[in-house]
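Accompanying notes for the structure given below.
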Amino acid sequence: YGPVDFTASARRKNATRETTSTLKTWLYEHRKNPYPTKGEKIMLAIITKMTLTQVSTWFANARRRLKKENKM
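In terms of full-length UniProt numbering, the sequence shown opens at residue 1 and continues consecutively.
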């Protein structure tokens with residue numbers, strides 16, 4: 001297979017407190033319909049310096065976490 005290069009650019013980074021705070025604020029303000037439009041996701045991606053995919057995944061996971069909390 002050859003050598004595997006784990007450079008800093010290839011490593012995964014967790015979202016920062018600042019980033020999650022921005023996304024959590026949006027989620028709280030839209031808790032009745034926690035599904036951002038594509039435009040809102042693009043805006044949030046720019047603000048948080050995340051990719052569109054990362055923002056989409058964060059919201060999918062956040063909705064799953066909320067659903068899990070509400071079941072308990």
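Just so you know, even glycine gets a beta-carbon here, dropped at the ideal spot from N, CA and C.
- Judged by DSSP secondary structure, Y28 falls within the alpha helix (DSSP H) whose first and last residues are R17 to E29.
- When only Cα atoms are considered, T37 and W26 end up about 12 Å apart.
- Measuring C-alpha to C-alpha distances from K41 to each of K32, F59, R31 and E29 identifies F59 as the nearest.
- If you check the CB distance, L44 and T22 come in under 8 Å.
- Annotated as distal: M50 and T20, with beta-carbon spacing of 8 Å or more.
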